[in-house]
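Student:
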Ligand code: BGC
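Numbering (our numbering), first residue to last: -9 to 471.
1) What does a CB cutoff of less than 8 Å around residue -4 pick up in its chain, not counting 5 residues either side in sequence?
2) Which residue's Cα is closest to the Cα of residue 442: 419, 335, 215 and 262?
3) Any heavy atom of the ligand BGC closer than 7 Å to the beta-carbon of residue 405?
4) Please say whether residue 337 and residue 432 have beta carbons closer to each other than 8 Å?
5) Quick one: any contact between the stretch 297 to 305 and the stretch 272 to 289, if contact means 3 or more CB pairs under 8 Å?
6) Does the contact criterion of 3 or more C-beta pairs under 8 Å hold for the stretch 176 to 189 versus the stretch 32 to 43?
7) Is residue 374 a contact residue of the ligand BGC, with contact defined as CB to any heavy atom under 7 Å?
8) Write down the C-beta distance between residue 151 and residue 27 rounded to the nearest angstrom, noting that I regard them as a contact closer than 8 Å.
9) Using the beta-carbon count (16 or more within 10 Å), is residue 94 buried or exposed?
10) Are there any heavy atoms of the ligand BGC lying less than 7 Å away from the beta-carbon of residue 268, as far as the coordinates show?
11) Alpha carbons only, please: which of 128, 380, 106 and 49 is nearest the one belonging to residue 181?
12) Under 8 Å, with one C-beta from each stretch per pair, do the stretch 122 to 132 and the stretch 0 to 17 reach the 3-pair mark?
13) Name the two residues that bound the continuous alpha helix (DSSP H) containing residue 24.
14) Does DSSP put residue 193 in a helix, in a strand, or in coil?
15) May I ask you to check if the CB of residue 160 is nearer than 7 Å to at least one heavy atom of the ligand BGC?
16) Kindly examine the ligand BGC and report whether one of its heavy atoms sits closer than 7 Å to the Cβ of residue 156.
17) For the alpha helix (DSSP H) containing residue 386, list its first residue and its last residue.
18) Is residue 325 closer than 8 Å to residue 372 when the C-beta atoms are compared?
19) With a CB to CB cut of under 6 Å and the five nearest residues on each side skipped, what residues in its chain are close to residue 67?
20) Using alpha carbons as the reference points, say which of 271, 364 and 91 lies closest to residue 436.
21) Thinking C-alpha only, which one of 206, 23, 439 and 221 is nearest residue 328?
22) Consider the C-beta atom of residue 120 and the heavy atoms of the ligand BGC; say whether any pair is separated by less than 7 Å.
23) Heavy atom of the ligand BGC less than 7 Å from the Cβ of residue 32, yes or no?
24) I think residue 155 touches residue 136, with their Cβ atoms under 8 Å apart; what is that distance to the nearest whole Å?
25) When you compare the CB positions of residue 240 and residue 467, do they come within less than 8 Å of one another, or not?
26) Who are the near neighbours of residue 210 in its chain, counting only those whose CB is closer than 6 Å to its CB and skipping five residues on each side?
27) Label residue 54 either buried or exposed according to how many other C-beta atoms from any shown protein chain fall within 10 Å of its C-beta, with 16 as the threshold for buried.
28) Rounded to whole angstroms, how far is the Cβ of residue 366 from the Cβ of residue 425, which I believe are closer than 8 Å?
29) Assuming the contact rule is C-beta atoms closer than 8 Å, residue 176 and residue 43 should be a hit. Round their C-beta distance to whole Å, please.
30) Pick out whichever of 78, 50, 101 and 9 has its Cα sitting closest to the Cα of residue 223.
31) Run through the stretch 386 to 426 for me and flag every whole alpha helix (DSSP H) of 4 or more residues, listed as ranges in chain order.
32) Mind checking residue -7: buried by the 16 CB within 10 Å criterion, or exposed?
33) To the nearest angstrom, report how far apart residue 463 and residue 429 are at their CA atoms.
34) Does the Cβ-Cβ distance between residue 63 and residue 114 come in under 8 Å?
35) Just checking my contact of residue 451 with residue 383 at CB under 8 Å: how many whole Å lie between their CB atoms?
36) When burial is assigned at 16 or more other CB atoms within 10 Å of the CB, is residue 202 buried or exposed?
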């Protein structure tokens, strides 16, 4: 203890109020925000790009509509993302957050180049797998880095900004796809993603390391140098360093806790199921196959399909604001229940439109666009961001890394499986039945939410942990004790 105090006094010895220039701090923090935002943008860009490219790739490589190959082309990115997210924890604790972001940027560049130059389906799948790895690492490291570098008062908005950038990236990819569709170049669609990836790589070179990671590695002096650039007073820096040291004292042994504690196991399973539920809403079927859905609904021309897809992308961005505004006012449960009800109704409407459609578009095609938009509003304002929020809130401190790794992996595994088998399911049971099934899933999730999802609005993370360890039911984890 005495030794620790001597060390602490020592590390703060050179810290003076006049070294901190709050104007510079604000500018630098904005710069760090922007770079992290580019990581989110890349994530979205590479998620969305396939939707417009798919038809051209199918044409060039002769891939039939209801084939497993088609599923692999789409599903390889989420599969790679799953591996990336699983390794994200290890990479970011070994290399540090900043270097992991560089690795991710490198994968974004290599993956995009492989896809752009792909000579056949196998190379294409390899390139998309590498892009997936990049997305997986970025999806684990970026929010972590942001939460460790951002000042406390803007931490929440920084993480929301990141979510928002993902949806903006998806929308941008739809617009860029439309541009390259005019010259029928799917290679251009992938090639253009190299530009922001290079900007990310250069940008990350200039952002500072994470103070928490530096302290965990015993590099206290370096951490203080970083904090001087992103915090506005000496007091804040001292408090933060001591808080970081306190959290580091808690031994993280998630797997040990998982084996020993049935309450923790319950909550790990809840995280896994919540992410599975998010994917079973059908969100990525809409994200990746949007132009195809428009085709089923009767939009004949590829251009019209892509315009409709852009409208969907913009709706996704705008609706994310609804969640940001409502999450701490309405609470998690009512928002989720409303969202699932909207998504169920929208999926059933899409099914009806597809079953009634005629080849020449007409009013029904517009009703389909409307229904897909309503589905997206339902998702982006509820399960989209909220499942991520819940998955981080319900895990106890000691097992948080383990719990979040499991739920994030579940997100990507279910995403990969669902998008890979989607073309097969369409072939086997037909378009209408597939969307009816998705509608029924969303309807069932209303009851799942009522029975198992806790209301975590306004309760501290410590309060949730106390309820969990007292053996309360999952639904009651957010009750005031
Ligand atoms: C989901 C992703 C999805 C994205 C769409 C996220 O919350 O986890 O699978 O592609 O929302 O905006």
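Even glycine gets a Cβ: it sits at the ideal position worked out from N, Cα and C.
Tutor: Checking against the coordinates, here is how it stands:
1) Because residue -4 carries a pLDDT of 43, less than 50, the predicted location of this residue cannot be relied on, and the following value inherits that uncertainty. Closer than 8 Å at Cβ, skipping near neighbours: no residue.
2) 262
3) yes
4) yes
5) yes
6) yes
7) yes
8) 6 Å
9) buried
10) yes
11) 106
12) no
13) 12 to 51
14) helix
15) yes
16) yes
17) Element bounds for residue 386: n/a, residue is neither H nor E.
18) yes
19) 118, 121 and 122
20) 271
21) 439
22) no
23) no
24) Their Cβ separation, rounded to whole angstroms, is 11 Å, which puts residue 155 and residue 136 out of contact at 8 Å.
25) no
26) 1
27) exposed
28) Residue 366 to residue 425, Cβ: 15 Å. No contact.
29) 4 Å
30) 9
31) 390 to 419
32) Caution is warranted here: a pLDDT of 47 is assigned to residue -7, below 50, making its placement in the model unreliable, and the coordinate value is therefore given only provisionally. Label assigned to residue -7: exposed.
33) 28 Å
34) yes
35) 6 Å
36) buried
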